[in-house]
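Chemist: Structure incoming, see below.
In the numbering used here, the protein residues as written are 1 to 290.
Written out as structure tokens, the structure is:
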């Protein structure tokens with residue numbers, strides 16, 4: 001197959017993976033907006049969701065309509081508890097200390113998963129079969145439609161939360177002026193709890209739809225975190241839409257590098273572009289200049 005003939009397939013695969021990274025980037029936005037923290041345990045939150053959906057569907061043979069909400073709920077409750085126990089006590093500490101705590105939290109989650117579920121990757125069957133849909137020269141997996149559709153639904157729900165709920169308005173206010181939010185009496189501890197909780201709910205929903213294409217492997221958490229962080233920084237971590245678009249860009253970039261050059265160079269290109277953008281435009285390609 002020539003390079004030109006591969007383009008539709010690479011683009012389709014890149015968009016699918018880009019939606020995965022976009023949802024991770026969205027979680028980075030939510031936590032950063034509410035707390036100012038860069039949460040490097042984010043990928044491990046998604047792994048928690050992957051383990052939860054595998055447990056529901058494969059281990060306990062639950063129907064999909066029950067497994068998905070249980071996965072979202074289990075991920076949210078687990079992360080909410082961890083936030084109260086480990087993140088909240090360090091809320092007044094320096095940002096560098098808080099960042100290290102999230103890294104340590106990720107290591108803790110990985111260790112607990114390995115202790116309770118083992119280290120072997122666990123896979124979930126596709127929701128709609130494996131027969132590809134052929135469109136415009138690309139063979140699209142049915143699960144890719146679940147992933148893209150799920151991303152659109154999550155974005156729509158988040159738009160409602162940010163524009164129509166008291167928590168969403170408070171979160172946006174805290175993101176715009178964290179010191180001003182304290183002055184007018186917004187409860188920083190409560191906003192932190194809700195921000196981590198919301199990111200966990202998104203993580204659980206994302207894990208549910210990506211489980212058939214990304215195995216539940218406790219060792220992939222940090223890699224997912226780095227790709228999601230790269231997407232948020234590239235697109236702009238100050239707005240949810242730009243963070244998601246940055247994640248989509250990361251997915252497309254690494255897929256084209258793997259298809260046209262070699263998968264060995266994926267990370268080199270992704271983080272090379274990230275460093276270039278940080279130097280030239282620190283707010284991100286689509287972020288607001290400050």
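We put the beta carbon where it would ideally sit given N, CA and C, even for glycine.
Okay, do the segment 33-41 and the segment 274-281 touch, 3+ Cβ pairs below 8 Å being the bar?
Modeler: No: the two stretches stay apart, fewer than three of their Cβ pairs being nearer than 8 Å.
Chemist: Please name the residue or residues paired with residue 23 in a DSSP beta bridge.
Modeler: Here residue 23 refers to the residue found at position 23 when the chain shown is read from its first residue. Partner(s): none; residue 23 has no beta bridge.
Chemist: With a Cβ-Cβ cutoff of 8 Å, do residue 90 and residue 101 count as a contact?
Modeler: Translated into the one-based positions of the chain shown, residue 90 becomes position 90. Translated into the one-based positions of the chain shown, residue 101 becomes position 101. Closer than 8 Å, so yes.
Chemist: According to the neighbour-count rule (16 or more other Cβ atoms, all chains shown, within 10 Å of its Cβ), is residue 280 buried or exposed?
Modeler: Position 280 of the chain shown, counting from 1, holds the residue named residue 280. Result: exposed.
Chemist: Can you tell me whether DSSP reads residue 61 as helix, strand or coil?
Modeler: As a working mapping, residue 61 is identified with position 61 in the chain shown. Three-state result, residue 61: coil.
Chemist: Do the CB positions of residue 80 and residue 193 come within less than 8 Å of each other?
Modeler: In the chain shown, counting from the first residue as 1, residue 80 sits at position 80. In the chain shown, counting from the first residue as 1, residue 193 sits at position 193. A contact, by the Cβ cut-off of 8 Å.
Chemist: What span of residues does the beta strand (DSSP E) with residue 135 cover, start to end?
Modeler: For the purposes of this step, residue 135 is identified with residue 135 of the chain shown, where counting begins at 1. Here the beta strand (DSSP E) through residue 135 covers 133-135.
Chemist: Do the segment 207-226 and the segment 130-149 meet, that is, are 3 or more Cβ pairs less than 8 Å apart?
Modeler: Enough Cβ pairs lie closer than 8 Å, so yes.
Chemist: Out of 206, 251 and 171, which one is the CA nearest neighbour of residue 189?
Modeler: Reading the chain shown from its first residue, position 189 is the one you call residue 189. Considering only alpha carbons, the answer is 171.
Chemist: Helix, strand or coil for residue 368 per DSSP?
Modeler: Outside the displayed span of the chain (1 to 290) sits residue 368, for which this structure offers no information.
Chemist: Pull up the distance between the alpha-carbon of residue 218 and that of residue 168, whole angstroms please.
Modeler: One-based indexing of the chain shown puts residue 218 at position 218. One-based indexing of the chain shown puts residue 168 at position 168. Roughly 31 Å separates the two Cα atoms.
Chemist: Just checking, does the segment 194-210 make contact with the segment 49-59 on the three C-beta pairs under 8 Å criterion?
Modeler: Taking 8 Å as the limit for Cβ pairs, the verdict is that the segment 49-59 does touch the segment 194-210.
Chemist: Run through DSSP, which three-state label would residue 122 get?
Modeler: Translated into positions along the chain shown, residue 122 becomes position 122. Strand, per DSSP.
Chemist: Could you tell me whether the segment 224-231 touches the segment 151-161, where touching means 3 or more Cβ pairs closer than 8 Å?
Modeler: The answer is no - the segment 151-161 does not touch the segment 224-231, with fewer than three Cβ pairs under 8 Å.
Chemist: Over what stretch of residues does the alpha helix (DSSP H) that includes residue 101 continue unbroken?
Modeler: Your numbering for residue 101 matches position 101 in the chain shown. Start and end: 95-117.
Chemist: Using only CA atoms, which one of 233, 250 and 97 lies nearest to residue 284?
Modeler: Here the question's residue 284 lines up with position 284 in the chain shown. Of the listed residues, the one whose Cα sits closest to residue 284 is 233.
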